[in-house]
Structures are given as C-alpha cells and as structure tokens.
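K.L.:
One structure is given below, represented as structure tokens, and several questions about it will come after.
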Amino acid sequence: MKALVALILLVQLPIHKAVPAAPPAPLGCDDPESEAAAEVAVNYINGHSHHGYKFALNRIEDIRVVPQGPNNDIIFLELDLLETKCPILSPTPLANCTVRSFAEHAVEGDCDVKLQKVDGTLSVLASKCHSHADSSEDILKVCPDCPLLASMNNTEVLETVSAALNDYNSKTTDSYLRLLEIGRAKIQYHPGHVVATEFAVGATNCSAEEAKANVGACQLLPEDQSNFGFCTAVMVKGPSQDLQVDCQLYGHQVPAPDIPLLSWPGVTYAHPGQDTSAGLAPSAVGVTNHNLGLFHNNPVASESSSSEILRSMLSAKSVTKRAVAEAAQHDKVPRPVGFVPPPPPCPGKIRHFDI
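Residue numbering for the sequence shown is -18 to -1, 1 to 337, as defined by mature numbering (1 follows the signal peptide of the UniProt record, and there is no 0).
Structure representation (structure tokens):
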C-alpha cells in the first residue's frame, strides 16, 4: 500500500522540461576580442601592401564569428581604414603614424578579412581591400581653399618631381637616388601657384658624382644592401619661384620572410621596354592615389579562389542572424519603465573621422 501511495505522489509531481541554454551574444565591434583581431588584420594588410602609405584602423564595421570546434573559430571582419602619413617603406611603427586629416584630402580603405583563432592565437587566412580618395566636393564644402589631390601623371607634378630629384642629387655627396614611385601630389593656384609632391626613392650603386658621367649605369643597391627613402618637394611657380626638397633615407631594412624585397615599391616596375622615369606603374596613370587594391590568400588557408571569402562571409552572416534571433527568443523579460536598450554591437566607434 505504501508503495502505491508513493507512486501516486511521484506521478503528481510537476514535470520540468530542460530549457536549452541561450547561445552566446554576438561579439560587439568594440569588444577587446574584436579590436585584437582588427589589429592583427591591419598589420597584415600593411605588411602585404606594396605601394603608397600605411593605413590605420578607423572603424570596425562588422564582425562575425563561426565556431569550428573547441578553441577554434573563424572570424570575419569588415574594416574601415584611413591613410596615414607614413610611407609603406617607412620603419615607423603604425602606432606612431599620423592619420592624414580630412582637409588634406583623406583616403579611405575598405577591407574584408578572414582570420582563424586557434587556442587564442590569431592568424589571417585571406583579405580583400580597396581604397579611394574622398570626393573633391566634400573637401571643398569644409575647406574651399584647400588644394585637392592631383593626378600622379599630371605634367606639373612630373616636372616638380624631376626637378626636385635633380636638385637633391646635384647637392648630395652620398648615393645617387632613383625615383621609385610618386606617392601623392597637390596643386594650388591661389593665392600662389604651388605644386606639392611626395615620392619614394632608392639609393643606387653610384655616388652622385659618378652618376654625372654615366647615370644609366646606376642601379638600385642589391637586396642585401638596399636603402629606400622618401622625399617631399614644394615648387612655387608664381608669383615668385622657389623649390624646396627634403629627402630621408631609412637605411637597410630586412623584409619579413614572406614578403620578398622585389615586391616593394618601385622594384616591381622594371619590365623590358617600359618607361620607369616617372616612377609610375601602368595602373597608376591618371589616378590621384594608390589603390590599396589588396587581395591576398595565406598559403595555409583552405580557400584559394577570390570568391570563396565572399561566399564564406555570406554564410557567416546567416549564422549570425540565426544566433541573434535565437538569443532574442530568450530575452522576453519585462523591462522597467525608462529602460534604454544598449547600442547595437556593430558598427563600432569611429576613431578619427567619417568620410
């Protein structure tokens, strides 16, 4: 009898179903983990860029995490970058590079980056970037008198670079310098006619004095002795005339193991029959800034086609949307009057300015 009573009481006990645990909240764009991944991505982008200037992080637009297993995640980042004043050849750490101001005709970079995080270690699997200068209309609205970026093959720009390099080589007692590439240029017409240029140079195996006899024999120093640098030049063409040139050589640098020296600025330009006197790659003719234009797949990545990163990012978006929807189902708790929901996790904060 006692056993029967116990059985009846047991049946009458309320049955509690196990409630599935809510999935982890999506990673926010300003979370420390996101910023750590962005830092790795930006360093990778600058390390594999061959022209122009270094780029700094301006904003994390989006981040998506796709778990692959224990302590193994694939991370997709969408980044907004801004051009700095540090040439890509400069040994200056990115943290010490100044972002070019809006009024200086800023250049923005947009990048999609795929990373993997295994046991806390981040590595880049693939990246795709492009960059563009802000519109002239936007600059002139803020600064009507600011000079705008000029085409790098503009006649006045080429004349200024040539005159500046000739002037420097005629006065130096060190190595004869050769032009590698023009970085950027601006032309001002009022109140004076001024052409300002920036360009990368390389030391040759000739002294400036030896170059006077046979400049054609002067070649860039070999890889184990290479010495690159950067020059700025300002030519005043009216109402008075003046030329100011400043060049800085960085000394010999040892490139990273996976970045051969022959992929550095200017060194890839030499092809039979191609004129390199202007220091311009064929793709640079008629443009005002070097396009970041980077697409790179890490050899250890499983993806090798240019479309795979895009397909992966679309897949990651759908996974994230499902996770957000599932998390919302578990977030039906009543809120007190006056409750202000937290800001959306993405996009993140703007570190410099929006263009």
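Glycine residues also receive a C-beta, built at the ideal position from the N, C-alpha and C atoms.
#1: Please report the distance separating the alpha-carbon of HIS334 from that of ILE57.
#2: Whose CA, out of GLU191, PRO129 and HIS114, lies closest to the CA of ASN151?
#3: Do ASN271 and ALA18 have their C-beta atoms closer together than 8 Å?
#4: Over what stretch of residues does the alpha helix (DSSP H) that includes HIS30 continue unbroken?
#5: Would PRO129 be called buried (16 or more neighbouring beta carbons within 10 Å of its own) or exposed?
#6: With which residues is CYS111 paired in a DSSP beta bridge?
#7: What span of residues does the beta strand (DSSP E) with LEU71 cover, start to end?
#8: Consult DSSP for GLN207 and reduce its assignment to one of helix, strand or coil.
#9: Among the candidates ILE337, PRO75 and GLU138, whose CA atom is the shortest distance from the CA of VAL218?
#10: If you check the beta carbons only, do ARG41 and ILE337 fall under 8 Å apart?
#11: Which two residues bound the contiguous beta strand (DSSP E) that contains ALA185?
#12: Identify whether VAL236 lies in helix, strand or coil by the three-state DSSP scheme.
#13: Decide if LYS168 is buried, meaning its Cβ has at least 16 other Cβ atoms within 10 Å, or exposed.
#14: Measure the Cβ-Cβ separation of CYS328 and GLY10 and say whether it is below 8 Å.
#15: Considering only their Cβ atoms, is the gap separating ARG160 from LEU202 smaller than 8 Å?
#16: Give me the Cα-Cα distance between GLY198 and PRO69, rounded to the nearest whole angstrom.
#17: What are the boundary residues of the beta strand (DSSP E) that LEU225 is part of?
#18: Just to confirm my understanding: we take SER72, look at its own chain, exclude 5 residues before and 5 after, and list those with CB closer than 8 Å. What are they?
#19: Report all residues from its chain with a CB closer than 7 Å to the CB of ALA145; omit the five preceding and five following residues, and keep chain order.
#20: Please return the same chain residues whose Cβ sits closer than 6 Å to the Cβ of CYS125, not counting the five positions on each side in sequence.
#21: Would you kindly check if the distance between the Cβ of THR214 and the Cβ of GLU180 is under 8 Å?
#22: Thinking ASP100 and ASN54 are a contact (beta carbons under 8 Å), I'd like their distance in whole angstroms, please.
#23: Of all the options LEU104, ASP149, ALA195 and HIS234, which has the alpha carbon lying nearest to the alpha carbon of LEU59?
#24: Taking only the alpha-carbon atoms, compute the straight-line gap between ASN187 and ASP62 and give it to the nearest angstrom.
#25: With DSSP as the reference, label GLN201 as helix, strand or coil.
#26: How many Å lie between SER109 and ILE45 at the Cα?
#27: Are LEU64 and ALA88 close, meaning C-beta to C-beta below 8 Å?
P.N.:
Reading off the structure:
#1: Position 352 of the sequence shown, counting from 1, holds the residue named residue 334. Position 75 of the sequence shown, counting from 1, holds the residue named residue 57. Straight through space, the alpha carbons of ILE57 and HIS334 are spaced by roughly 24 Å.
#2: Numbered from its first residue, the sequence shown carries residue 151 at position 169. Of the candidates GLU191, PRO129 and HIS114, the one whose C-alpha sits nearest the C-alpha of ASN151 is GLU191.
#3: On the sequence shown, position 289 is the one that residue 271 refers to. On the sequence shown, position 36 is the one that residue 18 refers to. Against a cut-off of 8 Å, the Cβ pair of ALA18 and ASN271 comes out as no contact.
#4: Within the sequence shown, residue 30 is the residue found at index 48, counting from 1. Its alpha helix (DSSP H) spans residues 14 to 30.
#5: The count along the sequence shown starts at 1 and reaches residue 129 at position 147. It counts as buried.
#6: Reading the sequence shown from its first residue, position 129 is the one you call residue 111. DSSP output for CYS111 lists CYS93 as bridge partner(s).
#7: As a first step, residue 71 must be located in the sequence shown, where it is residue number 89. Premise fails: LEU71 is in no beta strand (DSSP E) and is neither H nor E.
#8: Your numbering for residue 207 matches position 225 in the sequence shown. In the structure shown, GLN207 falls within a helical segment according to DSSP collapsed to helix, strand and coil.
#9: Mapped onto the sequence shown, residue 218 falls at position 236. Here the closest residue by C-alpha is GLU138.
#10: Residue numbering aside, residue 41 sits at position 59 when the sequence shown is read from its first letter. Residue numbering aside, residue 337 sits at position 355 when the sequence shown is read from its first letter. No, these two residues do not count as a Cβ contact at 8 Å.
#11: Along the sequence shown, one-based indexing puts residue 185 at 203. Note, ALA185: beta strand (DSSP E), 175 to 189.
#12: Within the sequence shown, the letter at position 254 stands for residue 236. Coil, per DSSP.
#13: Sequence index remark: in the sequence shown, residue 168 carries index 186 (1-based). LYS168 should be labelled buried.
#14: One-based indexing of the sequence shown puts residue 328 at position 346. One-based indexing of the sequence shown puts residue 10 at position 28. Their beta carbons are under 8 Å apart, which means CYS328 touches GLY10 by this criterion.
#15: As a first step, residue 202 is located in the sequence shown; it is residue number 220 there, counting from the start. As a first step, residue 160 is located in the sequence shown; it is residue number 178 there, counting from the start. Result yes, Cβ atoms of LEU202 and ARG160 sit closer than 8 Å.
#16: Counting from 1 along the sequence shown, the entry for residue 198 is found at position 216. Counting from 1 along the sequence shown, the entry for residue 69 is found at position 87. Here the alpha carbon of GLY198 sits roughly 27 Å from the alpha carbon of PRO69.
#17: Taking the sequence shown and counting its residues from 1, the one referred to as residue 225 is at position 243. Looking at the DSSP string, the run of the beta strand (DSSP E) that includes LEU225 is 224 to 231.
#18: Here residue 72 is taken as the residue at index 90 of the sequence shown, counted from 1. Correct list, in chain order: LYS36, CYS79, PHE212 and TYR232.
#19: Translated into positions along the sequence shown, residue 145 becomes position 163. Contacts found: MET217 and LEU225.
#20: Start at 1 with the first residue of the sequence shown, and residue 125 comes out as number 143. Closer than 6 Å at the Cβ level, and outside the excluded window around CYS125, lie ALA85.
#21: Along the sequence shown, read from residue 1 onward, the residue named residue 180 stands at position 198. Along the sequence shown, read from residue 1 onward, the residue named residue 214 stands at position 232. Contact: yes.
#22: Counting from 1 along the sequence shown, the entry for residue 100 is found at position 118. Counting from 1 along the sequence shown, the entry for residue 54 is found at position 72. In the sequence under discussion, the amino acid at residue 100 is Val, which differs from the Asp named in the question. Yes, VAL100 and ASN54 are in contact; Cβ-Cβ is about 5 Å, under 8 Å.
#23: In the sequence shown, counting from the first residue as 1, residue 59 sits at position 77. Closest option to LEU59, judged by alpha-carbon separation, among LEU104, ASP149, ALA195 and HIS234: LEU104.
#24: Numbered from its first residue, the sequence shown carries residue 187 at position 205. Numbered from its first residue, the sequence shown carries residue 62 at position 80. Distance between the alpha carbons of ASN187 and ASP62: 41 Å.
#25: Within the sequence shown, residue 201 is the residue found at index 219, counting from 1. Note: GLN201 maps to coil in three-state DSSP.
#26: Mapped onto the sequence shown, residue 109 falls at position 127. Mapped onto the sequence shown, residue 45 falls at position 63. CA-to-CA, the gap between SER109 and ILE45 works out to about 14 Å.
#27: As a first step, residue 64 must be located in the sequence shown, where it is residue number 82. As a first step, residue 88 must be located in the sequence shown, where it is residue number 106. In contact: LEU64 and ALA88 (Cβ atoms closer than 8 Å).
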